[in-house]
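Colleague: Structure incoming, see below.
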Amino acid sequence: MKNLKYFYGSFFITFLGLAIGVFFYPTNPLAIIYSILILAILEISLSFDNAVINAKILGQMPKKWQKAFIFIGLPIAVFGMRLIFPILLVSISSDINFHKVINLALHNPEEYQLILEHSMPYICSFGGSFLLMVFLNFFLSENEGHHWIPLIENNILTRKIRDYNGGYILFAVFVGLILIYNSENNLQGSLAIAYILGIVVHESIGLLNSFFDTPQISSSNIVRNGLMGFIYLEIIDASFSFDGVVGAFAISTNIIIIMIGLGIGAMFVRSLTILFVEKKTLAKYIYLEHGAHYAIGFLAAILLLKVFIHIPEWFSGSIGIIILTISFIHSILSNNKLNQ
477 MKNLKYFYGS
487 FFITFLGLAI
497 GVFFYPTNPL
507 AIIYSILILA
517 ILEISLSFDN
527 AVINAKILGQ
537 MPKKWQKAFI
547 FIGLPIAVFG
557 MRLIFPILLV
567 SISSDINFHK
577 VINLALHNPE
587 EYQLILEHSM
597 PYICSFGGSF
607 LLMVFLNFFL
617 SENEGHHWIP
627 LIENNILTRK
637 IRDYNGGYIL
647 FAVFVGLILI
657 YNSENNLQGS
667 LAIAYILGIV
677 VHESIGLLNS
687 FFDTPQISSS
697 NIVRNGLMGF
707 IYLEIIDASF
717 SFDGVVGAFA
727 ISTNIIIIMI
737 GLGIGAMFVR
747 SLTILFVEKK
757 TLAKYIYLEH
767 GAHYAIGFLA
777 AILLLKVFIH
787 IPEWFSGSIG
797 IIILTISFIH
807 SILSNNKLNQ
């Protein structure tokens, strides 16, 4: 029960969001409430592993930036990442005026959904490459201590890549070449730009951080500068939000209801993050961070595969929760073994 205090803000946002939804659409309040709650659950299931990654980064940031992540980051997450950011991506990838896309999202959601789905290969290419960089950077650059699955994390190939400076970037480029080679000719140019942009954004944050603080470039050092850590968290949040934004249209075509539902889910993910930070969950359960990065790796692969095939959103969310559950149980077993 003591841990409930971390979710008071989330419950408040939930009631506020439900009230706003019913106020704007009073004709069928039960259907509105149901849609919003289902959307919130969708967001939490797809972003649970995001909370673990956030906790790792946030735990190394100054207190003021931890608070900024909640109070400033939430409006960015709700309005920026789950409303404006998808609209901006649709505008860029489909070459449609930004204001026209906003108008479509608000007044013609069915057409907006079609344009969004048409733009998804490029969105998935960008988000997939960025999350792939997060995954590879951890296992091929930073993860030199304890290993959860040594056969994967500490074999001859991974050690050689780890010893080579920037090896994980070359590996990501190799994956991108496979993606582009196997895609349709008319998509290759745009997919390549989106994929490279994901890599560039990830590394640019590291370079900016090195300019402000340290010459080393890794996600653990990014957080030493609060601003860079904040930006890094928001971009990770954006990458995790793609599946939720697209999958939400299976539940509702109303962009306002989608924003409210996903926003509530985002608030609960932030509450989980603060809980993990203050309870030092990652230190207690040593394989949880590994599990989160494996989940990110799978999500990156799913986003990249979505360029070619449809993969249901329930699968994306389920696989992350399953991997995190296994890593959590394994952490408990490992702790019990050490305490014997």
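Under our numbering, the letters of the sequence shown match residues 477 to 816, in that order.
Ideal Cβ placement from N, Cα and C applies to all residues, glycine included.
As the structure is a prediction and not an experimental result, all values here were calculated from the model.
Taking the Cβ atom as the reference point for each residue, do residue 761 and residue 792 lie within a distance shorter than 9 Å?
Modeller: By one-based count along the sequence shown, residue 761 stands at place 285. By one-based count along the sequence shown, residue 792 stands at place 316. Between residue 761 and residue 792, the CB-CB gap reaches or exceeds 9 Å.
Colleague: Given that a residue counts as buried once 16 or more other Cβ atoms are within 10 Å of its Cβ, and exposed if not, what is residue 649?
Modeller: Within the sequence shown, residue 649 is the residue found at index 173, counting from 1. Exposed, by the Cβ-count rule.
Colleague: To the nearest whole angstrom, what separates the beta carbons of residue 742 and residue 519, a pair I think is in contact under 8 Å?
Modeller: Counting from 1 along the sequence shown, the entry for residue 742 is found at position 266. Counting from 1 along the sequence shown, the entry for residue 519 is found at position 43. 6 Å between Cβ atoms; contact.
Colleague: With the cut-off set at 9 Å, would you say residue 610 and residue 758 are in Cβ contact?
Modeller: For the purposes of this step, residue 610 is identified with residue 134 of the sequence shown, where counting begins at 1. For the purposes of this step, residue 758 is identified with residue 282 of the sequence shown, where counting begins at 1. No, the Cβ-Cβ distance between residue 610 and residue 758 is not below 9 Å.
Colleague: Quick check on residue 784: does DSSP put it in helix, strand or coil?
Modeller: As a first step, residue 784 is located in the sequence shown; it is residue number 308 there, counting from the start. Residue state, collapsed to three classes: coil.
Colleague: Compute the beta-carbon to beta-carbon distance between residue 523 and residue 797, rounded to the nearest angstrom, for a pair I have assumed lies under 8 Å.
Modeller: What you label residue 523 is simply residue 47 of the sequence shown in a count that begins at 1. What you label residue 797 is simply residue 321 of the sequence shown in a count that begins at 1. In fact, because the Cβ distance is near 11 Å, the residues do not count as touching under 8 Å.
Colleague: Looking at the secondary structure, which residues open and close the alpha helix (DSSP H) in which residue 749 lies?
Modeller: Start at 1 with the first residue of the sequence shown, and residue 749 comes out as number 273. For residue 749, the enclosing alpha helix (DSSP H) starts and ends at 731-754.
Colleague: Which residue comes first and which comes last in the alpha helix (DSSP H) that contains residue 594?
Modeller: Stepping through the sequence shown from its first residue, residue 594 is reached at position 118. Run containing residue 594: 585-613, per the alpha helix (DSSP H) assignment.
Colleague: Helix or strand or just coil, what does DSSP make of residue 573?
Modeller: Along the sequence shown, read from residue 1 onward, the residue named residue 573 stands at position 97. Three-state DSSP puts residue 573 in coil, outside helix and strand.
Colleague: Contact criterion: CB-CB distance below 9 Å. Does residue 764 meet it with respect to chain C?
Modeller: Any reference to chain C falls outside this structure, which holds one protein chain only.
Colleague: In whole angstroms, what is the alpha-carbon distance linking residue 537 and residue 705?
Modeller: Sequence index remark: in the sequence shown, residue 537 carries index 61 (1-based). Sequence index remark: in the sequence shown, residue 705 carries index 229 (1-based). Their Cα atoms are separated by approximately 7 Å.
Colleague: Can you tell me where the alpha helix (DSSP H) holding residue 527 begins and where it ends?
Modeller: Locating residue 527 in the sequence shown gives position 51, where the first residue counts as 1. 505-534 is the span of the alpha helix (DSSP H), which, as asked, contains residue 527.
Colleague: Below 9 Å between beta carbons: does that hold for residue 512 and residue 720?
Modeller: The count along the sequence shown starts at 1 and reaches residue 512 at position 36. The count along the sequence shown starts at 1 and reaches residue 720 at position 244. It is not a contact, given that the beta carbons lie outside the stated cut-off.
Colleague: Secondary structure at residue 501, three-state DSSP: helix, strand or coil?
Modeller: For the purposes of this step, residue 501 is identified with residue 25 of the sequence shown, where counting begins at 1. In this structure, residue 501 counts as coil in the three-state DSSP scheme.
Colleague: Please state whether DSSP places residue 537 in a helix, a strand or coil.
Modeller: Taking the sequence shown and counting its residues from 1, one reaches residue 537 at position 61. Note: residue 537 maps to coil in three-state DSSP.
Colleague: To which residues of the same chain is residue 680 closer than 7 Å at the C-beta, ignoring the five residues directly before and after it?
Modeller: The residue you call residue 680 lines up with position 204 of the sequence shown. Excluding sequence neighbours, residue 680 sits near nothing in its chain.
Colleague: Using 8 Å as the Cβ pair cut-off and three pairs as the minimum, do the region 666-678 and the region 624-639 touch?
Modeller: no
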